[in-house]
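Here the sequence shown stands for residues 1251 to 1489, numbered as in our numbering.
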Amino acid sequence: MAGHSKWANIQHRKGRQDEKRGRIWTRITREIIVAARAGGGDLTANARLRLAVDKAKAANMPADNIKRNIDKATGNLEGVQYEEIRYEGYGIGGAAVIVDTMTDNKVRTVAEVRHAFSKHGGNLGTEGSVSFQFKHCGQLIFAPGTSEDQVMEIALEAGADDVVTGEDGAIEVLTAPGDFEAVKNALEAAGLRAEVAEVTMRAENTIALGGDDATRMQKLLDVLEDLDDVQEVYHNAEL
């Protein structure tokens, strides 16, 4: 199936994430703690924890750090109690924004998120105000030049919902959240490693922003992503 070009946006996002590498361990640590607290410390029985540990390994987090955070979450060590809270709002040009946080102080967090939106041209909305524009799904994106036929055959056989080829040749595999791990493993077993592999909130439709609007939107996203309590920021802007 034909789809919109995603590769430039993916590379842009990855570049900005690399610039903020110092914050990634902190966010992964929170994810490990929350996942282990919710589903236990057994990796074989806790899919969310497996994904968090995979992220930690990809970010070169030492095994001792990973184990210590799992122990902290499961009661073997004392630790902070984190709560997951999602905020929804609007950015420049009416672009939809979802901000996922983990916090030990939700009064502080909502104040910081609201301030970021209001100071940089956005508006914090109510629960459900934009989330209907996104789909919770597994997403794997392969670089242009990857064999579309091979990806499609393996992915669909492993349970993927759809395979979309962009105008620039990037290939996007979409799965139900519960099927993501099986599809990812099947593709990797065939030597197909995705540039992006995550369970995400994928925008169903996008809003194109250019010039000053794109600059202002990027500033809003950067400020939100730099907040200590923010884990992920999803949006539907094409910058």
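Virtual Cβ for every residue (Gly too), placed ideally from N, Cα, C.
Since the structure is predicted, the reported quantities are computational estimates derived from the model, not experimental observations.
*Going along the chain, which residues of its own chain have a beta-carbon closer than 6 Å to the beta-carbon of L1200, five neighbours each way excluded?*
Summary: the structure shown does not reach residue 1200, with the chain confined to residues 1251 through 1489, and so no result is reported for it.
*Which term fits A1458, buried or exposed, when burial requires 16 or more other beta carbons within 10 angstroms of its beta carbon?*
By the neighbour-count definition (other C-beta atoms within 10 Å, threshold 16), A1458 is an exposed residue.
*Cβ shell of A1309 (< 7 Å), same chain only, five flanking positions each side left out*: A distance below 7 Å between beta-carbons, with the five flanking residues on each side excluded, links A1309 to the following residues of its chain, in chain order: I1274, W1275, I1278.
*For G1428, which three-state DSSP category applies?*
Three-state DSSP puts G1428 in a helix.
*Using 8 Å as the threshold, is the segment 1316–1324 in touch with the segment 1445–1458, meaning 3 or more CB pairs across them?*
The answer is no - the segment 1445–1458 does not touch the segment 1316–1324, with fewer than three Cβ pairs under 8 Å.
*Short check: CB of A1410 to CB of V1433, under 7 Å?*
Yes, these two residues count as a Cβ contact at 7 Å.
_Considering only their Cβ atoms, is the gap separating T1351 from V1473 smaller than 7 Å?_
V1473 places its beta carbon 7 Å or farther from that of T1351.
*asked:* Whole angstroms are fine: how far does the CA of E1431 sit from the CA of S1397?
replied: When rounded, the distance between both Cα atoms is 21 Å.
*Endpoints, the beta strand (DSSP E) within which H1386 is located*: Note, H1386: beta strand (DSSP E), 1384–1392.
*Alpha carbon to alpha carbon, how far is V1349 from D1418? Give it in angstroms, no decimals.*
Taking C-alpha positions only, D1418 is separated from V1349 by approximately 29 Å.
*Just curious, the alpha helix (DSSP H) that D1412 is in, first and last residue?*
Element bounds for D1412: not the alpha helix (DSSP H) but the beta strand (DSSP E), 1412–1416.
*Do you know how far the Cα of V1413 is from the Cα of M1402?*
Taking the straight line joining both Cα atoms gives about 6 Å.
*Quick one, are the C-beta atoms of L1470 and H1370 less than 7 Å apart?*
Contact flag set, yes.
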